[in-house]
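Peer 1:
Residue numbers (our numbering), protein chains in the order written: chain D, 358 to 832; chain B, 9 to 521.
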């Protein structure tokens, strides 16, 4: 029972960094405040590097409420990477907002929520972390002072609050049946229950629904396109990557660590939700004309792929989930960073306005194409290796049908991704003026593209970390 | 000698593509030069290793010039390359056609030339990689790398057709892409399934083909996995009824892409079907062979009839190539050593022939701006050299003795008549040869002969660099036609282990083949 604060150093450092930047920002003239993003990114990178020493500890500290296992560390690093890339690419956006740099601070608070969420080994810690993250996003979604953003904020707030309530009710049912809030102890208590408990199944369903909302699984997806479209693009990016990845981690932890004995009850349900998300997400993306809505639907499909990793009930599945989460985060950030930069200069998110982007900015067009092809799982990009990990973990477990659906749907997704490519490379631009990419966004685009290419051809480093994460959660 | 010759052959075009990225786009002649050099060296090297293999390794068979580097350890992926008597002719085919595609007509691709050559070189690398890989992951990786560049090349540099106005190049490109990708989805599903099953049997995960071939999968699994993989490979080889992407795709594509596509890309389908499908799942192959044999009739006869009705040269050759793939499929379905030999040799022969055809049509189209047969006529008056090459291609398509397609076709039929599965289909397919001769000779007659049309007097005969690819391809057609053993012995040494596997599977389940 130690409360050794060194185990919480990454979180503490992140919180301190937020406060520090908040204070320093007051001393900086308004028109230069956007540059704080670079300071913040450097600080986050330092924490990222520092956090590597937490690999291999595999401990639960602070009265069994905080797990410092490789799974948590892997996801923490993933959130840090996402935050760095988002902050870097949003400098231009903050500049346009007259140096309204609180944006950075709230982003970092959301990041803090995610990091605690990845480590939460107790349902109360978990819920508090989840709300820290969610409330930050409610604010962020309505950050822009226009009607669409306000609508997105309100919509996300109301639906999010309902889903949080449902989730909390699910947690309380589980607590009621097992008498403990510590996730690792729940499995043992569940085994002690002699008969099948309907209340526990109800709790399980509520948890699944609450988290399903956050990761926008079908049928809890209805908020996704509207919020993605209305929210400021940097927020959308972080919402689509960090928030989702955090909830994948939580879902894996609850289902696989706390409720593996009820797997017969949730496995089929999760498989059906995954299949529906892949099918509907990818099919509805086809007729979209707004690129943010298209990416929203495609992310629904991606969520379907990622949760297949849970179905395998073994280390390989968790490894695959971790690996693909990282790839998903990188490719989504790459795509949204292009969208962000493009709309900051042209004010449009319509796919038809991307006409001739290959001539206006060959770099952006190439990054967008590569990131979308990676999402579709075309080799030699990282998305392909990720899908290979996912599908290999479930193919011999009786989910061949799901593998086939997944692969066919991902090839269908190529259709709408290539449509964007076609517009960028084929259609003559209305406006020949080159689109310039600011320094921060350039870093983001370059790093994500490089990562998608390199990890597609040489996945060894990531697969090593993902394997450690997998065996930490399910030894 | 530990010089990594296969890696050199594989990666030089890619290196050329990477260098080209940094060349300013105005300097298109430098980019063309790079593309020319980085495809010429692999061609020379391939001919060299073909000679070495023919003289030194053919008697013993098996892989030669192998390279193997562990790649992703926990997935059991190895960067493994190697060639044997089966893959080497196809590697040679890729090198020749890659080289010729760079020089063919595309010397005049001026709009966005930089992007064109970069994509073309990536495409050549992709096709080459599938034939060189001894690791199935590497195989699949290159297999899919091929598709996206083709899409971009069709929609950017392709052309619509005069006879089929409703089919634009964008439609053709997307149709091709979606067909091939969905086919590859089934292939990948089968591949992952097999990989995990093999992992359970071996206790260690591996994608290495030679290791996988030592396993005996349960018959029902073989049938299921072969079925999944065959969906992918057969849509690539354009088997009836999954063929309709192919003529549209050729017609829409720029010359260089049509050459590579008809010449080698389709052969990946046949290669994969034999190398992976039949070699790993002989029982599954036996189960599905009658289905393939029956559908192959559709390929040969149905598309040959469609080809008769075409007025666009590219559509004639496009449908004819679907029709020719029917012969290959019959050879594969016979599941005998002779039939498989014929199928592989015919893939080589058809590749050279189709590339020659598309190269010539590309030249004619580039200079006259039409591929519509009734517009043309009497071109032999203005272009005697080109007409000669055209006739060689046409005769090769009709299977004239002395040209490289004759012996393979005969071999296919010997194998097919010998096997009870394909005896009746092969008999029906014979009519396809007759129809095939009709449409190709009619096209040759209407384009080349007849009265001189004065509107084409400005047309110059082919010469200089444009002549180079056509001359090389004609030379291949004649040399391999006169000395078929250069090809047949090689193929035979590569197919023998696969046929042996089929025989042992036959005795295993108590049937005869």
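Beta carbons: idealized from backbone N, C-alpha and C, even for Gly.
Answer with yes or no whether the minimum CB distance from residue 189/B to chain D is below 7 Å.
Peer 2: yes
Peer 1: Where do the ends of the alpha helix (DSSP H) carrying residue 591/D lie?
Peer 2: 590-595
Peer 1: Measure the alpha-carbon distance for residue 69/B versus residue 503/B and round it to whole angstroms.
Peer 2: 9 Å
Peer 1: What residues from chain B crowd round residue 820/D, counting only those whose CB sits closer than 9 Å?
Peer 2: 80, 81, 82, 83
Peer 1: Can you give, in chain order, each stretch of the alpha helix (DSSP H) that sits fully within the region 432-491 of chain D and has at least 4 residues?
Peer 2: 448-453, 459-476
Peer 1: Should the region 484-495 of chain B be regarded as contacting the region 438-458 of chain B, the criterion being three or more beta carbon pairs within less than 8 Å?
Peer 2: no
Peer 1: Can you tell which of 404/B, 428/B, 469/B has the C-alpha that lies nearest to the C-alpha of residue 387/B?
Peer 2: 469/B
Peer 1: Can you confirm whether residue 24/B, when its beta carbon is compared against all beta carbons of chain D, has any partner nearer than 7 Å?
Peer 2: no
Peer 1: In angstroms with no decimal places, state the Cα-to-Cα distance between residue 370/D and residue 127/B.
Peer 2: If I take the Cα positions, the gap works out to 47 Å.
Peer 1: Ignoring anything shorter than 4 residues or poking outside the region 14-84 of chain B, list the alpha helix (DSSP H) runs there in chain order.
Peer 2: 36-60
Peer 1: Just the C-alpha distance for residue 183/B and residue 354/B, rounded to the nearest angstrom, thanks.
Peer 2: 27 Å
Peer 1: Apart from the five residues just before and just after residue 418/B, which ones in its own chain have a Cβ nearer than 8 Å to its Cβ?
Peer 2: 350
Peer 1: In whole angstroms, what is the alpha-carbon distance linking residue 253/B and residue 243/B?
Peer 2: 9 Å
Peer 1: Can you pull the chain B residues whose beta carbon is under 8 Å from the beta carbon of residue 783/D, in chain order?
Peer 2: By Cβ distance, chain B contributes 163, 164, 178.
Peer 1: Got a sec: which bits of the region 124-152 of chain B sit with their beta carbon under 9 Å from any beta carbon on chain D, in order along the chain?
Peer 2: 145, 148, 149, 150, 151, 152
Peer 1: On the premise that residue 485/B lies in contact with residue 406/B, defined as a C-beta separation below 8 Å, what is that separation, rounded to the nearest angstrom?
Peer 2: 13 Å between Cβ atoms; not a contact.
Peer 1: With a threshold of 7 Å between beta-carbons, can residue 484/D be considered close to chain B, or not?
Peer 2: no
Peer 1: Can you pull the chain B neighbours of residue 644/D, defined as C-beta to C-beta under 8 Å?
Peer 2: Under the 8 Å cutoff, chain B gives no residues; its nearest Cβ is about 15 Å from residue 644/D.
Peer 1: Could you compute how far the alpha carbon of residue 115/B sits from the alpha carbon of residue 473/B?
Peer 2: Note that residue 115/B scores 49 on pLDDT, short of 50, meaning its location in the model is unreliable and no value can be drawn from it.
Peer 1: Taking the CB atoms as reference points, tell me whether residue 192/B and residue 333/B lie closer together than 7 Å.
Peer 2: no
Peer 1: Going by Cα to Cα distance, which pick from 181/B, 299/B, 151/B is closest to residue 433/B?
Peer 2: 299/B
Peer 1: In chain order, what residues of the same chain have a beta carbon less than 8 Å from the beta carbon of residue 615/D, not counting five sequence neighbours either side?
Peer 2: 531, 540, 541, 543, 544, 547
Peer 1: Under the three-state reduction of DSSP, which class applies to residue 720/D: helix, strand or coil?
Peer 2: helix
Peer 1: Throw me the rounded Cβ distance for the residue 287/B and residue 98/B pair, which I believe falls under 8 Å.
Peer 2: 15 Å between Cβ atoms; not a contact.
Peer 1: Could you check whether residue 822/D and residue 409/D sit closer than 7 Å to each other, using their CB atoms as the reference points?
Peer 2: No Cβ-Cβ contact shorter than 7 Å links residue 409/D with residue 822/D.
Peer 1: With respect to the alpha helix (DSSP H) encompassing residue 417/D, which residues constitute its N-terminal and C-terminal limits?
Peer 2: Per DSSP, residue 417/D belongs to no alpha helix (DSSP H); it is in the beta strand (DSSP E), 416-418.
Peer 1: Here's a check: name, in chain order, each residue in its chain whose Cβ is nearer than 6 Å to the Cβ of residue 523/D, leaving out the five neighbours to either side.
Peer 2: 563, 566, 567, listed in sequence order.
Peer 1: Let me see if you follow: with CB-CB separation under 7 Å, is residue 201/B close to chain D or not?
Peer 2: yes
Peer 1: Any chance the region 637-653 of chain D sits against the region 667-684 of chain D, with 3 or more Cβ pairs inside 8 Å?
Peer 2: no
Peer 1: With 8 Å as the C-beta to C-beta threshold (strictly closer), list the residues of the region 499-516 of chain D near chain B in chain order.
Peer 2: none
Peer 1: Taking beta-carbon pairs under 9 Å, can you tell me which members of the region 276-301 of chain B lie near chain D?
Peer 2: none
Peer 1: For chain B, is any of its Cβ atoms less than 7 Å away from the one on residue 772/D?
Peer 2: yes
Peer 1: Measure the C-alpha to C-alpha separation of residue 612/D and residue 670/D and round it to an integer number of angstroms.
Peer 2: If I take the Cα positions, the gap works out to 9 Å.
Peer 1: Which of the three DSSP states, helix, strand or coil, is assigned to residue 89/B?
Peer 2: DSSP, reduced to helix, strand and coil, places residue 89/B within a strand of the structure shown.
Peer 1: Taking 7 Å as the cut-off, decide whether the C-beta atoms of residue 429/D and residue 476/D are in contact.
Peer 2: In this structure, residue 476/D lies closer than 7 Å to residue 429/D by Cβ.
Peer 1: Between residue 121/B and the rest of its own chain, which residues show a CB-CB distance below 8 Å, the 5 nearest in sequence each way excluded?
Peer 2: 33, 36, 39, 40
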